[in-house]
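Protein chains: 4
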Amino acid sequence: MHKIKSKYDIFKQKAHIIIYGTSTKAGRYFDLILLALILLSILLVMMETVTEFDFKYHAELVLLEWIITGFFTIEYFLRIISINKPWKYILSFYGIIDLLAILPMYLSFFFIGTSILSVVRSLRLLRLFKILNHPQFSSQSVQLRKAINASRGKIVVFIYFVLIITIIIGSVMYVVEGKQSGFTSIPAGIYWTIVTLTTVGYGDISPVTPLGQFIASFVMILGYGIIAVPTGIVTAEIAKTVQRDSNHSHIPCKDCGAEEHHDNAKFCHSCGSSLLK
Amino acid sequence: MHKIKSKYDIFKQKAHIIIYGTSTKAGRYFDLILLALILLSILLVMMETVTEFDFKYHAELVLLEWIITGFFTIEYFLRIISINKPWKYILSFYGIIDLLAILPMYLSFFFIGTSILSVVRSLRLLRLFKILNHPQFSSQSVQLRKAINASRGKIVVFIYFVLIITIIIGSVMYVVEGKQSGFTSIPAGIYWTIVTLTTVGYGDISPVTPLGQFIASFVMILGYGIIAVPTGIVTAEIAKTVQRDSNHSHIPCKDCGAEEHHDNAKFCHSCGSSLLK
Amino acid sequence: MHKIKSKYDIFKQKAHIIIYGTSTKAGRYFDLILLALILLSILLVMMETVTEFDFKYHAELVLLEWIITGFFTIEYFLRIISINKPWKYILSFYGIIDLLAILPMYLSFFFIGTSILSVVRSLRLLRLFKILNHPQFSSQSVQLRKAINASRGKIVVFIYFVLIITIIIGSVMYVVEGKQSGFTSIPAGIYWTIVTLTTVGYGDISPVTPLGQFIASFVMILGYGIIAVPTGIVTAEIAKTVQRDSNHSHIPCKDCGAEEHHDNAKFCHSCGSSLLK
Amino acid sequence: MHKIKSKYDIFKQKAHIIIYGTSTKAGRYFDLILLALILLSILLVMMETVTEFDFKYHAELVLLEWIITGFFTIEYFLRIISINKPWKYILSFYGIIDLLAILPMYLSFFFIGTSILSVVRSLRLLRLFKILNHPQFSSQSVQLRKAINASRGKIVVFIYFVLIITIIIGSVMYVVEGKQSGFTSIPAGIYWTIVTLTTVGYGDISPVTPLGQFIASFVMILGYGIIAVPTGIVTAEIAKTVQRDSNHSHIPCKDCGAEEHHDNAKFCHSCGSSLLK
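Chains as they are written, first to last, in UniProt numbering: chain A, 1 to 277; chain B, 1 to 277; chain C, 1 to 277; chain D, 1 to 277.
This is the structure:
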């Protein structure tokens, strides 16, 4: 009895290394296969929503769906049993998504039409961001993330400003254009303002009165200037990280380990010992 | 009699501190509650314009409108009596907006349909810009405002240039395309040019003749280049403020005069002597 | 006889100073009045093209048109007689535009419908660029012009590249989508490609086949990246001029007059004499 | 016999110099004529697809097509015989394109409708990129290419991120809006997301439900921020190359070590000693 328990422990340990780890070959292969299966499962859900395709290959699609759901179910339970604190995983963001990804198929036994909820599976794509931690990309994505984080304060101020402008212009356009032009309500006016300010311009709602078109022209030229602001913010921050990368030596101080020295620095800025030795 | 007067004076003083000041707790709470009420009042006006919603909850909406209008009326009179020079407030930008925000509801007793003018209330949203003076955002918004102010000269020159181009292209397109393509007049042609140059592209008016489409292609590629100019202006200015504020101390080393030290550098990168003495 | 000739000479000289010069008060007023009349004349042509407006005020518009045409005719002849080499003016760019601006009205005696050609008058707006030489704007517009000139080489290379891509994609989309989707010919396909790449997106032509939509998605993401290039070029150049302005002292060397010294330069980079004396 | 062989050898050698070389006058003329013919051939294919034009000038177009195809055929065989390893050319990228450019016309003898495949000829336009190696443009295009290459890593990370976002939003919108709004399938939802995120905004598919419009507004403002990222990346890289090439010499002063001298500076800005010694 003890021996069996031990075997099960070894199995759990192995499963943990393969599923959660990335240091072994098997662990890395598991990650790759999982990503491939996630992509395939999303492709399947996509194909099912294309009416003509679903009409022709419905049986095959459903079969494949069940196979993949099977795999995901096994993965889900392996994840639970191979971890020390199962509830932490179950209640984590990815844990919930993993459950939601398999649930709709089982629910489809009891309720009709729940298989459409498999769409939630696309959230599993978020696991693909893990790849960005791969050494080949990590320096690039770290630089980008830094620049975006540094811009956050300004971007929040900017979006706050844009939203206020948007509500005011949306209200004005509702009064000026009125219901017959498609500006059926103030929220519709705000929707139109966002569509215009961001230069998307669907054309589903567009001003028809001369005054409305005049205000619209003004909004567009404003949007022209406004689009420059987030671009300017992000560009300035990226330029800073890019330049910092080229202006600073990446060799850490041998005494204290401090980094980000100037290219031609002779002494460590943190401990003062020579960098040239 | 004197005592009553004095009591009223104290009340006026207190009201002034609460309404106009931000240094006391009550003053800050008043600001927050006012902002919340402004947002709520705008939400109400919005909801009223959504036909289905208004149909169902008309009575409730009107009741809430009156309650908020009541609050705003009290606030308006408190603002007048608690200030030393009431006319200065009444005739100020915010004073007029505050009056316009409550007037339409009272006018609706005498005239039908004036309640739509409550839309003017959305201008009270401008008071929300006050939040940007909050320490958490102020450094960010000051930086942005500086960069935008510094770009103003160039932006004016740029918009002047764009407007002239716009009138010329709008006139040409009117002649080339003519009334049957939707280019019903030169102003319509100018409207189309702005819609195209800013890359909004509603599609409510679009060229149909080969020559018109050729000119349109040219305008779009021009717009491509032109959109780069305001972005470039704003980005350059933001980059300047960002770099000026970036992580280098501007204090030169006292021993060798070297500059561009890190903010938290303790030793000069050039001669190794302490920066902290 | 000699005296009359002399008087005419004085008149010619005076006219020359007023019309071509900007140093006297009269010369500057003349420029301002001319710009106002040009703007008014363009407004008139615009108003005439708005059917409802023209219907109501046709007589007034025509009268005003003739008055302005009269002014422009007098100005045209004064420009000719007050200059030493009249043919140089007559055959110059502005000379031809000035003539084309008045001709259509006189031709309307003989031919019907030529008054629409008054649209050509909008080209007189180009004279408004003169204002940009005004000291208040000149430094800004010089900076912008410098940055745009410096970017020209790269922009030409870029547009060359974009045009080749455009022709190839336009041809491919014509074959993929075909006539029934609005891609009636290869030029139409190229027009669509430009509309899409520049993110204008009218929607007058849009892909309907899955393959076409897939290629379109690819083109849009390409356009996303491509729009970054001219912006990057112009921004980099503007940033350079902006930074040069802030990094370099504008005080010329007292010995040799050389400019563009560093802010903390102690010696002239051209003659080596001290800048601090 | 030997003599004839020799003559043929000389002819081959000459053909090789003219076709593949650019050092002789004849070689450069050949390149120019070839580029002109390629442009003309593409113009012909374009014109043929314009129904009205083809209807009028069908015979002339077909004749010209055959003449150009003749030229291209001769060029193709000359390229083969004048090169030492013919198969290397035949199987090269340009070799295959050159063959595909002439094949459709000959196939049109046997099959109807193959002449449309002449569209493939537009790929020959890629030969026009050769011009960018011309000294006048090469420095500009090298700078651009450098900046774009340096941005590649970040752009890949960025597009990867955008694609995941796109699939998730596309799936959500398909569920929210459903088939009656034009969101007929998840791929259609993804197509709409790309159209919106890139601010193209055709309007062929656009949300109609309030929730859908709310999400769309969110996507647009997201797209606003997102478009800033590639622009920021490319701009930062271009700014780096532009500044590196800018008007400062990188040679430090031999006496004091000061840097950032003007390109044509004769004296050090810091110590005043000559830079020319």
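By construction, the Cβ of each residue, glycine as well, lies at the ideal position given by its N, Cα and C atoms.
Whole-angstrom C-beta distance between residue j and residue i, which should lie under 8 Å
i, j, result
"V200/B", "T199/A", "5 Å"
"Q213/C", "Y174/D", "Their Cβ separation, rounded to whole angstroms, is 14 Å, which puts Q213/C and Y174/D out of contact at 8 Å."
"T241/D", "Q140/D", "Not a contact, Cβ separation roughly 11 Å."
"I215/B", "V162/B", "In fact, because the Cβ distance is near 17 Å, the residues do not count as touching under 8 Å."
"V195/C", "Y202/C", "6 Å"
"T69/C", "I97/C", "With 8 Å as the limit, T69/C and I97/C do not qualify as a contact, their Cβ atoms being about 14 Å apart."
"I164/C", "L125/D", "5 Å"
"Y76/D", "L91/D", "With a Cβ gap of about 14 Å, Y76/D and L91/D do not count as contacting."
Chain-ordered neighbours of residue i on chain D, where CB pairs are closer than 8 Å
i, result
"T235/B", "T235"
"G203/B", "Y202, G203"
"L32/A", "Here the premise fails: no neighbours, minimum Cβ distance about 16 Å."
"Q143/A", "K154"
Beta-carbon neighbours of residue i, restricted to chain C and to distances below 7 Å
i, result
"G225/A", "Simply none; closest approach about 14 Å."
"Q140/D", "G153, K154, V157"
Close beta carbons around residue i, own chain, < 7 Å, minus the five adjacent residues each side
i, result
"I168/B", "none"
"F30/C", "I18, I19"
"I205/C", "G182, F183, A188, W192"
"A15/B", "L78, S82"
"S122/A", "I42"
"M220/B", "T196"
"I238/A", "A147"
"F71/D", "L37"
Extent of the continuous alpha helix (DSSP H) run through residue i
i, result
"V62/B", "51-81"
"I186/D", "186-197"
"D98/B", "93-107"
"I90/D", "86-90"
Under 7 Å by beta carbon: chain A residues contacting residue i
i, result
"T49/B", "Y174, S185, I186"
Within chain D, partners of residue i - CB distance below 7 Å
i, result
"T241/B", "Going along chain D, no residue has its Cβ under 7 Å from T241/B, so there is no contact; the nearest lies around 16 Å."
"L44/A", "Simply none; closest approach about 10 Å."
"Y191/A", "Q213, S217"
"T231/C", "T231, T235"
"S171/C", "V119, S122"
"S206/C", "Y202, D204"
Neighbouring residues, chain C, relative to residue i (Cβ below 8 Å)
i, result
"T199/A", "T199"
"M105/D", "Correct list: empty, because the minimum Cβ distance to chain C is about 16 Å."
"S181/B", "Within 8 Å Cβ-Cβ: nothing; S181/B doesn't reach chain C, min ~11 Å."
Partners in chain B for residue i, counting only beta-carbon separations shorter than 7 Å
i, result
"M220/A", "I194, V195, T198, V200"
"I148/A", "None at all; the shortest Cβ gap to chain B is about 14 Å."
"L128/C", "I164"
"L125/C", "I164, I167, I168"
"I238/C", "G232, I233, A236"
Same chain, Cβ closer than 8 Å to residue i, five either side skipped, listed in chain order
i, result
"T24/D", "I17, I18"
"V119/C", "V45"
"F55/B", "none"
"F158/A", "V229, P230, I233"
"M47/A", "F53, D54, Y57, L61"
"A26/D", "I17, I18"
"T51/C", "none"
Cβ-based neighbour list, residue i, same chain, cut-off 6 Å, excluding 5 preceding and 5 following
i, result
"I83/C", "Y89"
"R127/D", "none"
Neighbouring residues, chain B, relative to residue i (Cβ below 9 Å)
i, result
"F110/A", "Going along chain B, no residue has its Cβ under 9 Å from F110/A, so there is no contact; the nearest lies around 34 Å."
Within 8 Å, do at least three Cβ pairs link the region 178-196 of chain A to the region 139-148 of chain A? no
State whether the region 221-238 of chain A contacts the region 216-229 of chain D, with contact taken as three or more CB pairs (one from each stretch) at a distance under 8 Å. yes
On the three-pair Cβ rule with 8 Å, is the region 64-81 of chain B touching the region 39-56 of chain B? yes
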